[in-house]
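Scroll down for the structure; my scribbles are underneath it.
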Amino acid sequence: MINKQLLQPESIVVIGGSNNKHKPGGAVLRNLLDGGYSGKLHILNPKEDEVQGIKAFHDMKELPPTDLAILVVAAKYCPDYVDYLAAEKNVRAFIIISAGFSEETHEGALLEQRILDTCEKYGCSLIGPNCIGLLTRFHHSVFTKPIPHLNPKGVDFISGSGATAVFILESAVTKGLPFNSVWSVGNGKQIGIETVLEYMDEHFDPERDSLIKLLYIENISNPDKLLYHATSLIRKGCRIAAIKAGSSENGSRAASSHTGAIASSDSAVEALFRKAGIVRCFGREELTTVGCIFTLPRFTGKNFAIVTHAGGPGVMLTDALSKGGMQVPPLTGPVADELKSKLLPGSSVANPIDILATGTAEHLGIAIDCCERMEDIDAIMVIFGTPGLVKIFEVYDVLHQKILECKKPIFPILPSVSTAGPEVQEFLKRGHVNFSDEVTLATALTQIMRTPEPARSEVELYGTDISRLLKLISGIKESGYLPPALVRDILSCGGIPLVPEFVSTSKDELTEFAERVGYPVVAKVVGPVHKSDVGGVALNIRSKEVLAAEFDRMMQIPGATSVMVQKMIKGTELFIGAKYEERFGHVVLCGLGGIFVEALRDVSSGLAPLSYEEAYSMIHSLRAYKILKGTRGQKGINERKYAEIIVRLSTLLRFATEIKEIDINPLLADDNDVIAVDARILVVKEEQQ
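Each residue of the sequence shown is one higher than the one before, starting from 13 at the first, in our numbering.
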């Protein structure tokens with residue numbers, strides 16, 4: 013729980029406050045004082061009479077009633093302090109900086125639980141233990157530096173790691189990114205990242221609160237809660253970016269299906285973030301860069317003008333933007349001609365606009381004004397540094413004015429943070445941010461552009477035959493992989509198109525089927541999980557004699573129970589799969605099919621049930637999307653049909669939680685249709701889990 017005593021305490025006591033500002037107990041007190049805390053400050057230190065100019069109490073029994081207690085003492089003493097302060101001094105909020113709890117030992121976990129029990133008994137808020145504290149505009153209850161510039165429209169930053177929070181703050185401060193609050197939840201015994209988002213959502217005031225939230229997450233303890241409140245905040249106008257650390261695995265997990273081999277907790281995180289509309293980042297520079305972009309006016313276009321006085325950075329930025337799917341279009345026409353006439357001889361207006369190293373502040377202003385007038389330009393990027401020969405305050409004065417005047421967003425890229433340090437700092441003090449590295453900026457923009465809006469919460473049935481599906485699932489008595497006929501029946505409940513096929517142990521029946529649907533056909537062994545690995549697939553069979561021979565061969569394969577014959581069709585091989593992840597639900601995957609699934613691992617993930625918007629986002633984020641779209645004169649696939657099957661499968665899984673793994677691999681796709689060729693379903697009955 014989060015209460016007023018935590019957020020706006022009228023009095024604070026530092027248990028373990030010290031005169032030594034190089035220790036946490038002294039540093040947190042220094043930050044409280046430097047931050048201008050206006051309430052009553054108390055110190056408990058049995059060895060000191062005065063601590064940083066404040067009278068110190070020697071015994072906790074001498075303390076007056078207090079709203080918030082900050083504990084900076086050994087872990088073993090913390091439970092007793094919490095017990096007494098909550099019961100006798102009416103303390104209703106605790107920030108426990110101390111480490112040595114559940115993150116280290118079982119004994120520490122017991123101490124932590126005792127603290128939580130006390131806080132729950134008395135209705136107290138608890139931040140930590142094992143954290144750097146809480147930083148707000150009301151009180152600076154952290155022991156670390158830097159203390160960023162705070163204002164109401166700055167970033168709300170929530171971190172599961174104290175040390176990482178400090179490093180992220182270091183990165184942010186150098187960019188000029190302002191903050192509204194910093195929450196270091198530590199072990200998050202009571203208040204975790206999801207709890208803070210819940211509070212921000214339920215108490216949201218668009219006129220008063222920050223619209224930017226940055227998260228550093230090491231553990232998602234409640235995915236549903238995170239999804240719900242992040243989605244709600246984004247729909248209210250907020251923008252959220254997050255790092256989820258600790259998602260990699262040492263190797264592919266042992267699994268009997270393609271989906272099981274490539275689905276992981278990271279897939280679940282990717283799917284959750286996609287559904288919520290959270291921009292996913294993979295490092296602190298990327299996270300703080302995204303945060304800086306969020307401070308600029310929103311725009312939806314993808315066309316950029318680059319204004320620079322150094323050709324190389326302009327080229328690198330152009331490459332990075334193009335790689336991310338954005339455009340740096342050539343500038344032509346009367347406005348470009350006018351710009352050319354006003355710049356120095358030798359300047360280029362092709363885009364990037366190079367005003368040359370000798371270009372002045374006036375030339376920069378002229379170039380920005382021309383870009384502002386061009387209808388096919390959505391945003392302007394300005395790269396301007398210095399070799400240290402002259403001061404460039406005047407240049408940054410012009411840039412400052414243009415940012416205020418122009419309707420289009422302007423991204424300042426000021427790389428000379430050392431050589432032009434004073435000029436950059438003066439620019440940042442005016443309330444601007446700085447993207448010192450152009451490629452990092454383009455990478456961050458790419459992540460933002462690829463992040464879809466939050467998905468709709470309602471489930472669309474899309475014609476799913478729920479009653480028949482439930483009847484089929486309830487009729488399954490044993491856990492395991494389902495026979496092909498039942499797989500087809502289940503997929504047909506979701507309206508997923510299937511290639512004509514027939515399964516039998518009779519050679520004559522299979523031959524009759526092949527002649528009825530027409531050659532060529534495909535034969536596949538039934539029984540072994542990975543058919544290709546055991547030679548259980550024969551393609552392009554064009555006569556009954558060859559089919560008979562393949563039947564005889566396949567029935568000799570160990571584990572074979574029958575043979576399947578399918579009408580052979582051609583097309584691009586695609587893949588759709590899903591795996592049930594604890595706490596997250598079904599994670600749906602898509603990508604290129606056949607052998608490319610595990611070989612390339614180019615897959616996108618979404619959290620079932622999916623909307624069409626999510627399915628399109630999954631498809632478009634594939635590295636192989638250019639192949640699916642069509643390249644080198646070849647037609648692309650029917651993207652709408654592919655998205656439809658992804659959505660239909662996700663809806664089907666919403667009502668069949670017993671399905672723990674499903675592969676549809678391959679689907680064959682062309683510009684007209686997408687048809688499932690092979691599928692595998694693993695069911696685990698609840699009583700057999």
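All C-beta atoms in this analysis are idealised placements derived from N, C-alpha and C, irrespective of residue type, glycine included.
Inter-residue Cα distance where the pair is residue i and residue j
i       : j       : result
Gly-718 : Gly-295 : A query on residue 718 cannot be resolved here, the shown segment of the chain reaching from 13 to 701 and no further.
Asp-477 : Leu-664 : 9 Å
Asp-221 : Cys-304 : 17 Å
Leu-559 : Pro-678 : 21 Å
Ala-111 : Leu-123 : 11 Å
His-161 : Thr-148 : 11 Å
Pro-325 : Val-361 : 15 Å
Tyr-211 : Gly-51  : 24 Å
Thr-271 : Ala-590 : In this prediction, Thr-271 scores a pLDDT of 43, lower than 50, which makes its location untrustworthy; the coordinate-derived value is nonetheless stated afterwards. Using only the alpha carbons, I get a separation of about 6 Å.
Ser-616 : Asp-366 : 39 Å
Phe-169 : Ser-359 : 43 Å
His-632 : Glu-656 : 14 Å
Leu-411 : Val-436 : 11 Å
Ala-432 : Ala-348 : 31 Å
Ile-224 : Lys-201 : 25 Å
Ala-273 : Gln-20  : Only weak support is given to the placement of Ala-273: the predicted model assigns it a pLDDT of 40, under 50, and the question is left unresolved by the model.
Leu-5   : Ser-153 : Residue 5 cannot be examined here, being either before or after the span of the chain that is shown, 13 to 701.
Phe-608 : Ala-636 : 11 Å
Thr-320 : Leu-376 : 8 Å
Met-566 : Leu-640 : 34 Å
Ile-159 : Pro-36  : 15 Å
Tyr-96  : Gly-204 : 25 Å
Closest by C-alpha distance to residue i, when choosing among the options
i       : options                               : result
Tyr-592 : Ser-662, Pro-164 and Arg-652          : Ser-662
Thr-452 : Pro-427, Gln-413, Glu-132 and Leu-128 : Pro-427
Phe-150 : Thr-130, Leu-80 and Gly-323           : Leu-80
Cys-293 : Leu-308, Leu-457, Tyr-240 and Glu-490 : Leu-457
Gly-400 : Arg-385, Lys-419 and Pro-434          : Pro-434
Gln-339 : His-375, Met-393, Ile-290 and Ile-180 : Met-393
Ala-322 : Leu-368, Arg-692, Ser-516 and Phe-563 : Leu-368
Lys-441 : Pro-464, Phe-405 and Pro-509          : Phe-405
Ser-244 : Ile-229, Asn-234, Pro-164 and Gly-289 : Gly-289
Phe-396 : Ile-380, Asp-388, Asp-390 and Met-386 : Ile-380
Ala-391 : Val-208, Arg-666, Pro-364 and Tyr-93  : Pro-364
His-118 : Cys-143, Ala-87, Arg-613 and Lys-73   : Ala-87
According to DSSP, residues forming a beta bridge with residue i
i       : result
Arg-251 : Ile-224
Val-515 : Met-576
Ala-550 : Ala-535
Met-393 : Ile-318 and Phe-423
Residue i in three-state terms, based on DSSP
i       : result
Arg-462 : helix
Cys-602 : strand
Ala-535 : strand
Phe-423 : strand
Ser-486 : helix
Arg-265 : At Arg-265 the pLDDT is 39, less than 50, meaning the model places this residue with poor confidence; the figure from the coordinates comes in the next sentence. Coil, per DSSP.
Ser-196 : strand
Pro-164 : strand
Lys-67  : strand
Ser-183 : helix
Cys-293 : strand
Gln-17  : helix
Glu-593 : strand
Met-72  : helix
Ala-11  : An answer regarding residue 11 cannot be provided, because it is not within the stretch 13 to 701 covered by the chain.
Lys-779 : Because the chain in this structure spans residues 13 to 701, residue 779 falls outside the shown range and cannot be described.
Gly-272 : Annotation note: pLDDT 42 at Gly-272 (below 50); position unreliable, coordinate value reported separately. Helix.
Tyr-49  : coil
Glu-11  : Nothing about residue 11 can be read from this structure; the chain reaches only from 13 to 701.
Ala-703 : With the chain covering only 13 through 701, there is no way to say anything about residue 703.
Pair within 8 Å by beta-carbon distance, residue i and residue j
i       : j       : result
Leu-694 : Ile-687 : no
Leu-41  : Val-26  : yes
Val-533 : Pro-540 : no
Pro-421 : Phe-311 : yes
Thr-307 : Val-445 : yes
Asn-15  : Ser-137 : yes
Leu-551 : Met-580 : yes
Gly-597 : Ala-572 : no
Val-281 : Thr-463 : no
Ile-502 : Leu-473 : no
Thr-301 : Ile-318 : no
Residue i beta carbon near the ligand GTP (any heavy atom closer than 7 Å)
i       : result
Thr-452 : The model on display carries no ligand, and the ligand GTP is accordingly not part of it.
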